[in-house]
Amino acid sequence: MVGMGDGSTHIKLGDSIRQTKWRDNRHGLEDALGDDGYDVVLTNPPFGQNLKIGASEASACGYTICMHTKAGKASDEYMQTELGIVFVERAWRLLHEGGRLGIVLPETYFFSKSYAWFREWLDERFALKAVLNIPMEAFQGFCRAKTNFYVLVKRGSGSRSARAKQPFWVLDGKIWVSNAPTIGINKDGETLFRIDASSMTRTSEVDDAAAMDVDSLLTGDGETSTASFMDAMSLATTYIGVPRYCDQSTKVTLKNWMTGSLPGCSPVSLGALVDAGWIRVKAGHGSPSQDMRSGTVPYIKVSDIRGGTINPNSTNMVSEVVARKFWKAESSGMNPWDVVTPARASKNIGEPAVILPGQERAVFTKEVLVLSATDEAPFDNFYIAWSLMLDHVHAQWDRVVFMQTNREDLGDRWKEVLVPVPGDRGLADDLSKSVRSYYKSLAELKTAFLQEMSSWK
Numbered sequence: 049m050v051g052m053g054d055g056s057t058h059i060k061l062g063d064s065i066r067q068t069k070w071r072d073n074r075h076g077l078e079d080a081l082g083d084d085g086y087d088v089v090l091t092n093p094p095f096g097q098n099l100k101i102g103a104s105e106a107s108a109c110g111y112t113i114c115m116h117t118k119a120g121k122a123s124d125e126y127m128q129t130e131l132g133i134v135f136v137e138r139a140w141r142l143l144h145e146g147g148r149l150g151i152v153l154p155e156t157y158f159f160s161k162s163y164a165w166f167r168e169w170l171d172e173r174f175a176l177k178a179v180l181n182i183p184m185e186a187f188q189g190f191c192r193a194k195t196n197f198y199v200l201v202k203r204g205s206g207s208r209s210a211r212a213k214q215p216f217w218v219l220d221g222k223i224w225v226s227n228a229p230t231i232g233i234n235k236d237g238e239t240l241f242r243i244d245a246s247s248m249t250r251t252s253e254v255d256d257a258a259a260m261d262v263d264s265l266l267t268g269d270g271e272t273s274t275a276s277f278m279d280a281m282s283l284a285t286t287y288i289g290v291p292r293y294c295d296q297s298t299k300v301t302l303k304n305w306m307t308g309s310l311p312g313c314s315p316v317s318l319g320a321l322v323d324a325g326w327i328r329v330k331a332g333h334g335s336p337s338q339d340m341r342s343g344t345v346p347y348i349k350v351s352d353i354r355g356g357t358i359n360p361n362s363t364n365m366v367s368e369v370v371a372r373k374f375w376k377a378e379s380s381g382m383n384p385w386d387v388v389t390p391a392r393a394s395k396n397i398g399e400p401a402v403i404l405p406g407q408e409r410a411v412f413t414k415e416v417l418v419l420s421a422t423d424e425a426p427f428d429n430f431y432i433a434w435s436l437m438l439d440h441v442h443a444q445w446d447r448v449v450f451m452q453t454n455r456e457d458l459g460d461r462w463k464e465v466l467v468p469v470p471g472d473r474g475l476a477d478d479l480s481k482s483v484r485s486y487y488k489s490l491a492e493l494k495t496a497f498l499q500e501m502s503s504w505k
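49 is the number of the first residue of the sequence shown in our numbering; add one for each residue after it.
Written out as structure tokens, the structure is:
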């Protein structure tokens, strides 16, 4: 600030949220934070478990946004609102009509059902104009929360303030979205490098994709391979606030690839296959607590689903009684050859594994999807596994897996994943014959091995 000729002028030190403290602030915070006083507010609110404001203090400061916060108990101690949310209302008050807010917020706010009220609140008071992906490594040294940078314009019924002039890229009816995957550094602040595939040596510094997107916006039309303008949408009814979800390129790539490589198939979403009655999808059973894990029935966690197979952990076993409690029946409801994939809190969401004969008698964590073909389908379970193993299909999961604060979460967005659907059963069996052969052979080898092991006793 000194270098820009500002020195300490207009720099105030104090708590901008707790208005009740302003009168005693010796830096003149009360005079600086009057309503409707600014063209631009730029902020990165603090986030954390204990960074909240209580109900009585929120009421004293007149924060209406805090009225939406769900309280577990009636006491003020439990009626708390995250500071990041309160910052949004503070910024809204500070801005002129047409003023711009640039703010870093957790991505969770823009898709979680728990924050549906917040998105409705935003729609009423702001128009989203830009959202930029912030890669995890940007703040990874300090926190694990997934965040994005949002630019919003304050709505109003009167004429726009002459001082709140919009930059040229703020277009009516458009939202600029950047899904740049990197900011050019890793979590330790070190510059990333490209690797020459032939020599496996570092050749040059990697492009800062985020900087390239912003440069394109400021010097051109804002369109790059990772950024574009999209039609304005409601935050409350869409996922426009989640940059990765806005990227439709993986769907386009799949369709183009199928045209040349799978002419006998059509791209159909998993949700449409469920609606057509061709596949069944269900979740797992639940998660037995650590003190229940003693017995002979395997408890399968998402970490046990890897390499295309189910890999029981001998330290995670439960009793028959506990198993039946979670099954809510005498059997698990799973069947040999069912296809399983993690659905939450796992890096391998979308990667399929096949339940081999004998593995169906297990308790599966609730954080999985179990897929199986119905008799009406023109394919079987092996075809489902084959289709989910395709690179162009698997690439789509990155778009629909969101970060629920700091854990991967799929929700019901798996329904949007496109898979190739064959025109007849013969084509399906032909395409998936290698997968069928692999798992059938694996089951036979396992059975023979276990039989031989029993003879050693």
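Beta carbons: idealized from backbone N, C-alpha and C, even for Gly.
Note that this is a predicted model, so its numbers are computed, not measured.
Nearest candidate by alpha-carbon position, reference residue i, set the options
{"i": "Ala421", "options": "Ala324, Tyr487 and Val369", "result": "Ala324"}
{"i": "Phe430", "options": "Ser482, Trp462 and Asp439", "result": "Ser482"}
{"i": "Gly189", "options": "Ala280, Thr389 and Asp236", "result": "Asp236"}
{"i": "Val387", "options": "Ala275, Gln67, Ala401 and Ile101", "result": "Ala401"}
{"i": "Ala476", "options": "Glu408, Trp434, Val441 and Asn364", "result": "Trp434"}
{"i": "Gly406", "options": "Val345, Trp445 and Gly356", "result": "Val345"}
{"i": "Asp472", "options": "Val449, Ala175 and Cys313", "result": "Cys313"}
{"i": "Ile199", "options": "Leu479, Val179 and Asp460", "result": "The displayed chain sequence assigns Val, not Ile, to residue 199. Val199 has its Cα closest to that of Val179, out of Leu479, Val179 and Asp460."}
{"i": "Ala193", "options": "Arg455, Leu498, Arg461 and Asp478", "result": "Arg455"}
{"i": "Val201", "options": "Cys191, Gln338, Trp224 and Thr195", "result": "Trp224"}
{"i": "Leu153", "options": "Asp460, Phe497, Arg71 and Gln452", "result": "Gln452"}
{"i": "Gly398", "options": "Ser317, Pro311 and Val416", "result": "Val416"}
{"i": "Val322", "options": "Tyr487, Asp423 and His75", "result": "Asp423"}
{"i": "Asn364", "options": "Gln338, Arg167, Lys373 and Gly76", "result": "Gln338"}
{"i": "Pro176", "options": "Thr230, Ser162, Phe187 and Phe158", "result": "It is worth fixing the name first, because residue 176 is Leu in this sequence and not Pro. Per the Cα distances, Phe158."}
As assigned by DSSP and simplified to three states, the class of residue i
{"i": "Ala122", "result": "Annotation note: pLDDT 41 at Ala122 (below 50); position unreliable, no value reported."}
{"i": "Lys481", "result": "helix"}
{"i": "Phe95", "result": "coil"}
{"i": "Ile113", "result": "helix"}
{"i": "Arg66", "result": "coil"}
{"i": "Glu145", "result": "strand"}
{"i": "Val88", "result": "strand"}
{"i": "Phe277", "result": "strand"}
{"i": "Glu172", "result": "helix"}
{"i": "Thr129", "result": "strand"}
{"i": "Glu456", "result": "strand"}
{"i": "Val449", "result": "coil"}
{"i": "Lys222", "result": "strand"}
{"i": "Asn304", "result": "helix"}
{"i": "Leu153", "result": "strand"}
{"i": "Leu61", "result": "coil"}
{"i": "Tyr347", "result": "strand"}
{"i": "Arg354", "result": "strand"}
Burial state of residue i (16 or more Cβ within 10 Å)
{"i": "Asp295", "result": "buried"}
{"i": "Gly474", "result": "exposed"}
{"i": "Gly380", "result": "Residue identity differs from the one stated: residue 380 is Ser in this sequence, not Gly. Its Cβ being crowded by 16 or more others within 10 Å, Ser380 is buried."}
{"i": "Pro183", "result": "buried"}
{"i": "Thr274", "result": "buried"}
{"i": "Leu493", "result": "exposed"}
{"i": "Val418", "result": "buried"}
{"i": "Thr495", "result": "exposed"}
{"i": "Pro58", "result": "Correcting the residue identity first, residue 58 is His in this sequence and not Pro. Looking at its Cβ environment, which holds fewer than 16 other Cβ atoms inside 10 Å, His58 is exposed."}
{"i": "Ala377", "result": "exposed"}
{"i": "Arg167", "result": "buried"}
Integer-rounded CB distance, given that residue j should sit under 8 Å from residue i
{"i": "Ile327", "j": "Ala425", "result": "6 Å"}
{"i": "Ile46", "j": "Pro390", "result": "This structure gives no information on residue 46, because the portion of the chain shown stretches from 49 to 505."}
{"i": "Ile523", "j": "Val88", "result": "As shown, the chain starts at 49 and ends at 505. That puts residue 523 outside it, with no answer to give."}
{"i": "Val465", "j": "Val448", "result": "7 Å"}
{"i": "Ile65", "j": "Leu143", "result": "Going by Cβ atoms, the distance from Ile65 to Leu143 rounds to 16 Å, so no, they are not a contact pair."}
{"i": "Phe197", "j": "Gly150", "result": "7 Å"}
Range covered by the beta strand (DSSP E) that runs through residue i
{"i": "Cys313", "result": "Cys313 to Ser317"}
{"i": "Phe197", "result": "Thr195 to Lys202"}
{"i": "Lys100", "result": "Lys100 to Gly102"}
{"i": "Ser264", "result": "Not the beta strand (DSSP E): Ser264 falls in the alpha helix (DSSP H), residues Ala257 to Thr267."}
First through last residue of the alpha helix (DSSP H) which encompasses residue i
{"i": "Val441", "result": "Asp439 to His442"}
{"i": "Tyr293", "result": "Pro291 to Cys294"}
{"i": "Lys373", "result": "Glu368 to Trp375"}
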